[in-house]
Structure formats: C-alpha cells, structure tokens
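Engineer:
Numbering (our numbering), first residue to last: 1 to 215.
1. What number of angstroms, rounded off, separates the C-alpha of residue 213 from the C-alpha of residue 80?
2. For residue 127 and residue 104, which I take to be in contact (beta-carbon distance under 8 Å), what is that distance rounded to the nearest angstrom?
3. Would the beta-carbon of residue 65 fall within 8 Å of that of residue 20?
4. Please look up how many angstroms separate the CB atoms of residue 97 and residue 72, rounded, as I've assumed it's under 8 Å.
5. Whose CA, out of 89, 180, 13, 24, lies closest to the CA of residue 109?
6. Comparing alpha-carbon positions, which option in 17, 89, 10, 158 lies nearest residue 42?
7. Nearest to residue 22 by CA position, among 40, 112, 62, is which residue?
8. Taking the C-alpha atoms as reference points, what is the distance between residue 119 and residue 92?
9. Starting from residue 103, trace the beta strand (DSSP E) in both directions and tell me its first and last residue.
10. Quick test of your reading: residue 217 and residue 152, contact by CB under 8 Å. State the CB separation rounded to the nearest angstrom.
11. Going by DSSP, name the residue or residues bridged to residue 83.
Given below as structure tokens:
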C-alpha cells in the first residue's frame with residue numbers, strides 16, 4: 001500500500017497531535033489538516049476528502065465516536081480512533097460508530113502503519129461492497145464470507161489482512177466475478193482440501209482461486 005496518503009488529525013492535546021504528525025510524515029504520509037474537536041474533524045473531512053482520519057475518542061464538543069459516526073455514514077474516509085488504555089470499553093462503541101481500527105495510547109511508529117493499512121483496507125472493502133451488494137443484510141453476509149476467506153488466505157499464504165482483501169478484489173475484477181463468488185471459492189477449496197486430508201484421498205483439491213489441476 002502506498003504511504004503517500006492524505007491524513008486529517010483530530011486530537012485536542014497539542015503535544016500528542018504534534019507527535020502523531022511527525023510519525024506520519026516520517027512514514028511518508030501527508031498530513032492534510034489538524035483540528036482539536038470532532039465537529040471540525042467532520043467539516044474538514046467533508047471539505048478535503050482525505051484518505052484517512054485519525055481521531056481521539058474524547059474531545060470537546062462533538063466527541064470522537066459521534067464524529068466517526070458522521071464521517072463513516074457519509075463514506076468520507078476511514079477513521080482510526082485513538083484511545084487511552086483505560087478507555088478500552090469505548091472501542092466497541094467506536095466500532096459500532098463505523099471506526100475501522102483503533103490505536104491505544106501511548107503508541108509508537110511501529111504500531112501506526114499496520115493499523116492504518118487495516119483501516120484503509122477495511123474501508124475499501126466496505127465501499128466495494130456498497131457498489132456490489134444492495135441490501136444491508138446481504139452486505140453483512142458477504143462481509144462474514146470475506147472475513148473467513150481472508151483468514152484462510154492469510155494462514156495459507158502468510159499475508160496480511162489488507163493483502164488478502166486485495167487478492168480477492170483483484171481476482172474478482174480479473175475474472176469478472178463478484179467478491180462473494182471469489183470468497184465462496186476460497187472457502188470451498190479449503191473445505192475440499194481439509195476433507196481430502198482427513199480422508200487420505202489422493203485426488204487433487206481445487207486451488208484457492210477455485211481451479212483444479214488438469215487430469
């Protein structure tokens with residue numbers, strides 16, 4: 001994933017905001033704007049359409065969870081929530097509000113990049129599903145299928161969640177299939193492989209893209 005992504009920082013503590021900005025810029029990200037409250041974060045996200053918003057969970061006026069809910073509802077950008085260790089009970093609320101990932105303070109540069117990649121990947125996944133699947137219930141079903149398929153690909157290939165999703169998305173586009181169909185093939189291939197191993201069968205199983213070796 002390219003690191004030249006634009007980021008909006010929403011954090012009311014100036015020192016943390018400065019440290020975060022330095023970490024992001026050292027990693028190659030572009031800090032497009034900085035604000036100290038949730039309402040300003042929503043406004044900036046609407047105007048700038050950044051690639052990511054990193055937002056503290058507690059801020060004056062509109063808090064981070066409420067701001068994340070507005071930003072996510074409008075599909076403006078993926079949101080990473082910053083939370084203190086003592087606020088871990090707020091993580092579920094943040095997730096329900098649409099936050100893609102979270103960072104627990106204090107964090108390091110090494111913590112930052114993987115969380116950003118997860119957030120951006122999950123946001124891309126949701127956006128792609130919005131265009132592919134109309135109904136909310138079906139989107140939830142496809143999300144579950146994708147999560148299972150990504151987990152299998154991660155274990156089988158030793159890749160990250162973001163890389164697993166990109167593999168599914170690329171396979172979908174290359175083969176002109178829905179992502180749901182690709183995920184179902186991955187799951188079916190894994191089930192066939194497990195059944196063959198359990199039964200001691202010699203027959204070759206389908207590959208992770210659903211194809212079988214020629215006989």
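A virtual CB, placed ideally from N, CA and C, is assigned to each residue, including glycine.
Structural biologist: Walking through what the data contain:
1. In this predicted model, residue 213 has a pLDDT of only 44, less than 50, meaning its place in the structure is not dependable; the value taken from the coordinates is given anyway. For residue 213 and residue 80, the distance between alpha carbons rounds to 43 Å.
2. That pair is no contact at about 26 Å.
3. no
4. 7 Å
5. 24
6. 10
7. 112
8. 15 Å
9. 101-105
10. There is no way to answer for residue 217, as the model of the chain reaches only from 1 to 215.
11. 104
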